[in-house]
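Trainee: Protein chains in written order, with this note's numbering: chain A, 1233 to 1380; chain B, 1233 to 1380.
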DNA sequence: ACAAAATAGTTTCCAAAGAAACTATTTTTA
DNA sequence: TAAAAATAGTTTCTTTGGAAACTATTTTGT
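1) Apart from the five residues just before and just after residue 1305/A, which ones in its own chain have a Cβ nearer than 8 Å to its Cβ?
2) Given that a residue counts as buried once 16 or more other Cβ atoms are within 10 Å of its Cβ, and exposed if not, what is residue 1321/B?
3) So, helix, strand or coil for residue 1313/A, using DSSP?
4) Which two residues bound the contiguous beta strand (DSSP E) that contains residue 1326/B?
5) In the structure shown, what three-state DSSP assignment does residue 1351/B receive?
6) Assess, as a yes-or-no matter, whether the stretch 1237 to 1248 of chain B is touched by the stretch 1335 to 1351 of chain A under the definition of 3 or more beta carbon pairs within less than 8 Å.
7) Are any of the Cβ atoms in chain A nearer than 8 Å to that of residue 1246/B?
8) Taking only beta-carbon positions, decide if residue 1276/A is within less than 8 Å of chain B.
9) Could you tell me the alpha carbon to alpha carbon distance between residue 1254/A and residue 1375/B, rounded to whole angstroms?
10) Starting from residue 1344/B, find everything on chain A with Cβ-Cβ shorter than 8 Å and list it in chain order.
11) Can you pull the chain A residues whose beta carbon is under 7 Å from the beta carbon of residue 1367/B, in chain order?
12) For the stretch 1285 to 1312 of chain A, which residues have a CB atom closer than 9 Å to at least one CB atom of chain B, in sequence order?
13) With a threshold of 8 Å between beta-carbons, can residue 1250/A be considered close to chain B, or not?
14) Pop quiz: residue 1267/A and residue 1300/A are said to be a contact at Cβ under 8 Å. What is the actual Cβ separation, rounded to whole angstroms?
15) Only counting the same chain, and skipping five residues up and downstream in sequence, which positions put a Cβ closer than 6 Å to that of residue 1353/A?
16) In chain B, which residues lie with their C-beta within 8 Å of the C-beta of residue 1253/A?
17) Going along the chain, which residues of the stretch 1319 to 1341 of chain B sit with their C-beta nearer than 7 Å to a C-beta in chain A?
18) Taking a contact to mean a Cβ-Cβ separation below 8 Å, would you say residue 1347/A touches residue 1371/B in this structure?
19) Helix, strand or coil: which one does DSSP assign to residue 1262/B?
20) Since residue 1356/A meets chain B, which of its residues come closer than 7 Å, beta carbon to beta carbon?
21) Within the continuous alpha helix (DSSP H) that includes residue 1274/B, where are the two ends?
22) Suppose contacts are defined by Cβ-Cβ distances below 8 Å. Is residue 1247/B in contact with residue 1270/B by that definition?
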């Protein structure tokens, strides 16, 4: 019975899908999608940053970043302007609408993590966050290295 | 600086996306997509099972299950037949083509998990799998309970 | 026994995200 | 300094997966 099953991959997918459903359900009423939330977080926390920074901070492709930010600009959560020193680069700024929403979205994010870690002890929770980050960075570095 | 950031959600998404890229790159050469892999695993392990069991075992919607299994049938990895006792239910069987592929896909799955857990000690690895499962089941139960 | 409810699958529509090809700027280098 | 390479963004196409509406079969409750 000790075959290698890699059953854990199922839980990686499950955790992600259910988390997205949780976030979507709660943020929909506020007018944003779950996918937009991390972008609003970064815009609000940074105040001003070039668009390509979203790619590195979230480890998301520039195509996806372009699409999400175009949507957020359309909906009035951010503004963008061409950088003065580099004509290729777009600077991104949060609007007041985004800044007003920010604490509510943070609250939703925390509630999501609470539900994820509900059956854990405080120590397990700390350990889980550590290992989650470790695993994500490890597989990410490996995959990114292949594509060069 | 001790604000609640729910930054861990970023790593949940990252782990999932990079894992999918890893699997897709390796299974593409074998003729299947990363999304099909868990379905082939279950079909091969079970030998015969009703279609709705894929929904419960993978915690994936019946619409998605119907589409993936239709694709796998098309590509010759499974066969399906209406259950003798219940005319609504479809029984799913793996083909020899799937059974031949199975060990290779298992190997790829294991390599993926190896990369994920590469910087971990053996003890951390065990702990990670435990907590990953715990978190996925916890958020899943909560989300599913809401939708009733 | 038959109408209502539940169950199994399918299909359509939509959101999230990567890949690749493209444009437009900068930076390097020969 | 002009051509080549690198960088920043956009657009198009594709894959993955859920939601909801739909069909077709049981199962239940009266």
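Even for Gly, the Cβ is constructed at its ideal location relative to N, Cα and C.
Mentor: Here's the rundown:
1) By 1-based counting over the first chain, the position of residue 1305/A is 73. Hits under 8 Å: 1311, 1312.
2) By one-based count along the second chain, residue 1321/B stands at place 89. Exposed, because fewer than 16 other Cβ atoms sit within 10 Å of the Cβ of residue 1321/B.
3) As a working note, residue 1313/A is residue 81 in the first chain. Strand, per DSSP.
4) In the second chain, the residue the question calls residue 1326/B occupies position 94. Start and end: 1322 to 1326.
5) What you label residue 1351/B is simply residue 119 of the second chain in a count that begins at 1. Residue 1351/B: coil per DSSP, three-state reduction.
6) yes
7) To locate residue 1246/B, count along the second chain from 1; it is residue 14. Yes, residue 1246/B counts as interfacial toward chain A.
8) Numbered from its first residue, the first chain carries residue 1276/A at position 44. False, the Cβ-Cβ gap to chain B never drops below 8 Å.
9) Taking the first residue of the first chain as 1, we reach residue 1254/A at position 22. Taking the first residue of the second chain as 1, we reach residue 1375/B at position 143. Straight-line Cα distance between these residues: approximately 6 Å.
10) Looking up residue 1344/B in the second chain gives position 112. Near residue 1344/B (Cβ distances below 8 Å), the residues of chain A are 1238, 1241, 1371.
11) The residue you call residue 1367/B lines up with position 135 of the second chain. Near residue 1367/B (Cβ distances below 7 Å), the residues of chain A are 1247, 1348, 1349, 1360.
12) 1289, 1290, 1291, 1292
13) If you number the first chain from 1, residue 1250/A lands on position 18. Answer yes: the Cβ-Cβ gap between residue 1250/A and chain B drops below 8 Å somewhere.
14) On the first chain, residue 1267/A is found 35 positions in, with the first residue counted as 1. On the first chain, residue 1300/A is found 68 positions in, with the first residue counted as 1. With a Cβ gap of about 6 Å, residue 1267/A and residue 1300/A count as contacting.
15) Position 121 of the first chain, counted from the start, is the residue given in the question as residue 1353/A. Around residue 1353/A: no qualifying Cβ.
16) By one-based count along the first chain, residue 1253/A stands at place 21. Neighbours of residue 1253/A on chain B, chain order: 1375.
17) 1338, 1341
18) Translated into the one-based positions of the first chain, residue 1347/A becomes position 115. Translated into the one-based positions of the second chain, residue 1371/B becomes position 139. Closer than 8 Å, so yes.
19) By one-based count along the second chain, residue 1262/B stands at place 30. Coil at residue 1262/B, not helix or strand.
20) Along the first chain, read from residue 1 onward, the residue named residue 1356/A stands at position 124. Those within 7 Å of residue 1356/A in chain B are 1363.
21) What you label residue 1274/B is simply residue 42 of the second chain in a count that begins at 1. Residues 1269 to 1278.
22) For the purposes of this step, residue 1247/B is taken as residue 15 along the second chain, with counting starting at 1. For the purposes of this step, residue 1270/B is taken as residue 38 along the second chain, with counting starting at 1. In this structure, residue 1270/B does not lie closer than 8 Å to residue 1247/B by Cβ.
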